[in-house]
Amino acid sequence: MDTETNEQPDIIKKKADSLLVLHHETGTVGIVQGLGEDGELHSVDPRELNNAEIVSIDSNENSFAEFYAGFYHQLKEPGEFSFFKVMEYEAGQTALHLQKYINDSSHAGRRELKNYEISIDSVEAYRRAGGEMKGKGEDASNNYLYKPEQMNWKMMEKLGLNKEILQELGVLESMLKGYKTDKLVPVHIDLGTVKGSIEARLSLKANDFGEVELIFHPVRTMPDFSIPFFGHLFSEEDKRNLMGNGNMGRVVDLVHRITGELVPSLISRDRLTNEVIQARAEFVRIPLVIKGVTLDEQQRKILREGKPLYLENMLSARGTLFNAAVQYNADKRYVEFLLDKNVRRLGVEDFRPVPEVFRGKKLKKWQMEKLKAGEVAYVDGLVDKNGKRYQGYLRFDKRVGKFEFSFKNVWMGEQKAEKGKSRNRGRGM
Numbered sequence: 041m042d043t044e045t046n047e048q049p050d051i052i053k054k055k056a057d058s059l060l061v062l063h064h065e066t067g068t069v070g071i072v073q074g075l076g077e078d079g080e081l082h083s084v085d086p087r088e089l090n091n092a093e094i095v096s097i098d099s100n101e102n103s104f105a106e107f108y109a110g111f112y113h114q115l116k117e118p119g120e121f122s123f124f125k126v127m128e129y130e131a132g133q134t135a136l137h138l139q140k141y142i143n144d145s146s147h148a149g150r151r152e153l154k155n156y157e158i159s160i161d162s163v164e165a166y167r168r169a170g171g172e173m174k175g176k177g178e179d180a181s182n183n184y185l186y187k188p189e190q191m192n193w194k195m196m197e198k199l200g201l202n203k204e205i206l207q208e209l210g211v212l213e214s215m216l217k218g219y220k221t222d223k224l225v226p227v228h229i230d231l232g233t234v235k236g237s238i239e240a241r242l243s244l245k246a247n248d249f250g251e252v253e254l255i256f257h258p259v260r261t262m263p264d265f266s267i268p269f270f271g272h273l274f275s276e277e278d279k280r281n282l283m284g285n286g287n288m289g290r291v292v293d294l295v296h297r298i299t300g301e302l303v304p305s306l307i308s309r310d311r312l313t314n315e316v317i318q319a320r321a322e323f324v325r326i327p328l329v330i331k332g333v334t335l336d337e338q339q340r341k342i343l344r345e346g347k348p349l350y351l352e353n354m355l356s357a358r359g360t361l362f363n364a365a366v367q368y369n370a371d372k373r374y375v376e377f378l379l380d381k382n383v384r385r386l387g388v389e390d391f392r393p394v395p396e397v398f399r400g401k402k403l404k405k406w407q408m409e410k411l412k413a414g415e416v417a418y419v420d421g422l423v424d425k426n427g428k429r430y431q432g433y434l435r436f437d438k439r440v441g442k443f444e445f446s447f448k449n450v451w452m453g454e455q456k457a458e459k460g461k462s463r464n465r466g467r468g469m
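Per our numbering, the sequence shown starts with residue 41, numbered consecutively.
Here you go:
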């Protein structure tokens, strides 16, 4: 089951993409409808979307590149806008969340949007790399990093593999795109005196001579934590986290093999092979929105640091709300959903900060310390919607990341029981 934890609830098949626009002068977000004859941008406020027509682009890279290049060069004063590519079916909701993010963020937070907007230079570079792309870009091979003819098929035959087998297994496309196969592939080894079979994930890599080589990622019984990993010595907690949900959960400095420089990195375990994988922290990209939930700067910081984050009220493809923990995976290079058992094992609550404000009242230092320790704090000076003052007892449930309030201390029995357990644990045998 641990090898399946990358599966998200409700996988969505994209059918079409659309464009969000940020107007720099006003700081407002809209959904692009098209261009007027004079190049004027037409967009609609997401709050007034209803049945309004918006741009709809076939969801493949060639179609989008062709559309956006033409759109951008016809646009009057393109420097006044930033554009963001989104799935058409969730354009309205994403636009509303993006607007909220802009309204609530600091100047530094808004600058981070540069990492997510569409770059016309990147689009043009993509088009040049793919040659002249006519029509709607049906040739999917333009999306590949490698071409089938670059592969050493004679060597593949010796391993018991060929193009048809890789296609039948459904792994050829991911290899051509530069990824590891998403499943284990049986490989036959024949060294004359030694013959046998192994299971491995496969990937392709260009060597210094421009030749495409096959890379094996064989299955290991266990990672060897006794050997320093690029200079990093694994702590007991590191080992538990990696063998638990597969992500170490913190940024560490790794030593570059050639330059010797220290590189802040995240570390994960390949759950299929037990290979330990690193990713540079500077290349970690965290989405602004996950399943309809807009992340604030603190939440995105938590994920950039490799820590798990519990999110509530995410929207599935079926339109139902669900809660789950998410974490950045250095092996997959994206934020993944964690299974419940891995969340419990990992202790996600340890990383969930206690908010400093409750119902408009800033909490005192001693109250924060109690809440962080899992204890109950008395709070007074609260004001209801009618202006009436009230008081009560508060605690913070780290498991779900929410305050719990009661006019009476309903948790007193639990506190006494916990203190009794602590005393018993302290007694000698």
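All C-beta atoms in this analysis are idealised placements derived from N, C-alpha and C, irrespective of residue type, glycine included.
Worksheet item: Per DSSP, what kind of secondary structure is K331 in: helix, strand or coil?
Response: coil
Worksheet item: Does the beta-carbon of Y418 have 16 or more other beta-carbons within 10 angstroms, so that it is buried, or is it exposed?
Response: exposed
Worksheet item: Quick one: Cα of H64 to Cα of G119, how far?
Response: 9 Å
Worksheet item: Which runs of the beta strand (DSSP E) fall wholly inside the segment 204-261 and span at least 3 residues, in chain order?
Response: 225-230, 235-246, 252-258
Worksheet entry | Alpha-carbon to alpha-carbon, G70 and A92 | 12 Å
Item to complete: Can you grab the Cα-Cα spacing for the pair Q133 / P86, in whole Å?
Response: 8 Å
Worksheet item: Do A56 and Y129 have their C-beta atoms closer together than 9 Å?
Response: yes
Item to complete: Return helix, strand or coil for R325, following the three-state DSSP convention.
Response: coil
Practice prompt. Flag this pair as yes or no: are the beta carbons of V450 and Y430 separated by less than 9 Å?
Written response: no
Item to complete: Over the uninterrupted beta strand (DSSP E) stretch that includes R290, give me the two end residues.
Response: Careful: R290 lies outside any beta strand (DSSP E) and carries neither H nor E.
Worksheet item: Across which residues does DSSP place F362 in a beta bridge pair?
Response: M354
Item to complete: Output the distance between the C-alpha atoms of V211 and G79, rounded to the nearest integer angstrom.
Response: 44 Å
Discussion item. Between which residues of its own chain and K448 is the CB-CB distance below 6 Å, once the five residues before and five after are set aside?
Written reply: none
Practice prompt. Check the DSSP bridge columns for V394 and list the partner residues they point to.
Written response: DSSP, once it has assigned bridges, lists no residue as partnering V394.
Worksheet item: To the nearest angstrom, how far is it from the Cα of T233 to the Cα of L199?
Response: 15 Å
Worksheet entry | In DSSP terms, what T299 is bridged to | T299 is not bridged to any residue.
Discussion item. DSSP three-state label for E471, please.
Written reply: With the chain covering 41 to 469 only, the question about residue 471 has no answer from this structure.
Discussion item. Considering just the uninterrupted stretch of the beta strand (DSSP E) at A417, what are its terminal residues?
Written reply: 417-423
Worksheet item: Would the beta-carbon of S305 fall within 9 Å of that of G286?
Response: no
Worksheet item: Leaving out five residues before and five after F274 in sequence, what residues of the same chain have Cβ atoms less than 6 Å from its Cβ?
Response: F265
Fill in: Proximity to F249 [Cα-Cα], best of S146, S159, Q190
Q190
Worksheet item: Going by DSSP, which residues form a beta bridge with N369?
Response: Y374
Fill in: Reference E40, options R399, V329, S58, closest by Cα
No answer is possible for residue 40: the residues shown for the chain start at 41 and end at 469.
Discussion item. Need the endpoints of the alpha helix (DSSP H) that S103 sits in, please.
Written reply: 101-114
Worksheet item: Would you report the Cα separation of E396 and F443, rounded to the nearest angstrom?
Response: 11 Å
Practice prompt. Flag this pair as touching only if the segment 402-418 and the segment 354-363 have three or more C-beta atom pairs under 8 Å; answer yes or no.
Written response: no
Worksheet item: Pick from N426, T221, I97: whose alpha carbon is nearest that of E239?
Response: T221
Worksheet item: Between G177 and S103, what straight-line distance do the alpha-carbon atoms span, to the nearest angstrom?
Response: Its pLDDT being 39, under 50, G177 is placed unreliably in this model, and the coordinates cannot settle the point.
Practice prompt. Per DSSP, which residues does K154 bridge with? Please list them.
Written response: Beta-bridge pairing links K154 to no other residue.
Worksheet item: Which of helix, strand or coil does DSSP assign to T134?
Response: helix
Worksheet item: Between the C-alpha atoms of P327 and Y374, what's the straight-line distance to the nearest angstrom?
Response: 9 Å
Fill in: Same chain only: Cβ atoms within 6 Å of L59, ignoring 5 sequence neighbours per side
V72, V95, F123
Discussion item. What would DSSP say about I3, mapped onto helix, strand or coil?
Written reply: This structure gives no information on residue 3, because the portion of the chain shown stretches from 41 to 469.
Worksheet item: From F121 to E204, what does the alpha carbon distance come to, in whole angstroms?
Response: 47 Å
Practice prompt. May I ask you to list the residues that DSSP assigns as paired with L75?
Written response: L81
Worksheet item: With distances taken from CA atoms, which of K279, K404, S237, K217 is nearest Y186?
Response: K217
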